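Here is the structure we will look at.
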Amino acid sequence: MKPAPPAPSLLATAFYAFYDLHRPAYQAYAAARLPQEEARLSVTQLFDLIASNWTRIMTEQRPSAWAWNEHTRAIARRAGHTPSPAEDTALLHDDLRLSIDRIATITGSDPARVTALLAAARRTRQPAAPTSPPHPQPHPAPPTSARTWTPRSRG
Numbered sequence: 003m004k005p006a007p008p009a010p011s012l013l014a015t016a017f018y019a020f021y022d023l024h025r026p027a028y029q030a031y032a033a034a035r036l037p038q039e040e041a042r043l044s045v046t047q048l049f050d051l052i053a054s055n056w057t058r059i060m061t062e063q064r065p066s067a068w069a070w071n072e073h074t075r076a077i078a079r080r081a082g083h084t085p086s087p088a089e090d091t092a093l094l095h096d097d098l099r100l101s102i103d104r105i106a107t108i109t110g111s112d113p114a115r116v117t118a119l120l121a122a123a124r125r126t127r128q129p130a131a132p133t134s135p136p137h138p139q140p141h142p143a144p145p146t147s148a149r150t151w152t153p154r155s156r157g
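Residue numbers (this note's numbering): 3 to 157.
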């Protein structure tokens with residue numbers, strides 16, 4: 003026998019809890035990638051989509067992962083650039099100052115995956131170490147205007 007679906011008031015309460023927990027981070031992420039008004043509009047549309055599909059989303063193994071995927075796809079489409087998961091994680095952690103646990107919560111990931119993505123982002127950000135010592139550069143001659151001429155005395 004299939005369990006009875008949750009009462010509508012319980013679904014509404016769960017949606018508003020999800021909204022209150024995720025909206026600030028989603029808004030900050032959107033604002034970091036898009037102009038202010040476009041970011042606000044994108045987040046509003048996302049939560050309209052979530053609300054209209056809430057019953058189905060609740061059957062997902064990780065509703066937060068579903069919502070985050072939809073959010074990042076919409077932002078990438080609007081921005082014209084699709085950042086890697088490592089770039090997104092670095093933005094959330096380094097620029098927006100979210101903890102690893104908070105990032106895991108809003109993205110629907112495990113903290114271990116967030117840590118690995120953050121490490122990957124840091125590896126790709128670091129400049130490559132030089133393979134050989136730099137060659138000494140000769141000192142350039144001073145510009146002509148900086149040279150002074152002094153007459154020689156005769157005699």
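Just so you know, even glycine gets a beta-carbon here, dropped at the ideal spot from N, CA and C. Predicted, not measured: the structure shown is a model, and the values here were computed from it.
Note to self: For Asp97 and Asp90, what's the separation of their Cα atoms in angstroms?
What the structure shows: The count along the sequence shown starts at 1 and reaches residue 97 at position 95. The count along the sequence shown starts at 1 and reaches residue 90 at position 88. If you take the alpha carbons of Asp97 and Asp90, they lie about 10 Å apart.
Notebook entry, point to check: Would DSSP call Thr84 helix, strand or coil?
Noted result: Start at 1 with the first residue of the sequence shown, and residue 84 comes out as number 82. It is coil, neither helix nor strand.
Checklist line | Option nearest Gln63 by Cα separation, candidates Leu94, Ser111 and His24 | finding: Position 61 of the sequence shown holds residue 63. Gln63 has its Cα closest to that of Ser111, out of Leu94, Ser111 and His24.
Next item on the list: Keeping to the same chain, check which residues put their C-beta closer than 8 Å to that of Leu48; ignore five residues upstream and five downstream.
Entry: Position 46 of the sequence shown, counted from the first residue, corresponds to residue 48. Here the set comprises Tyr28, Ala69, Glu72, His73 and Ala76.
Notebook entry, point to check: Excluding five sequence neighbours on each side, which residues of the same chain lie with their C-beta closer than 7 Å to the C-beta of Thr57?
Noted result: Numbered from 1 along the sequence shown, position 55 holds the residue referred to as residue 57. Cβ within range, chain order: Leu13.
Next item on the list: To the nearest angstrom, report how far apart Leu23 and Ala32 are at their CA atoms.
Entry: Within the sequence shown, residue 23 is the residue found at index 21, counting from 1. Within the sequence shown, residue 32 is the residue found at index 30, counting from 1. In a straight line, the C-alpha of Leu23 is about 16 Å away from that of Ala32.
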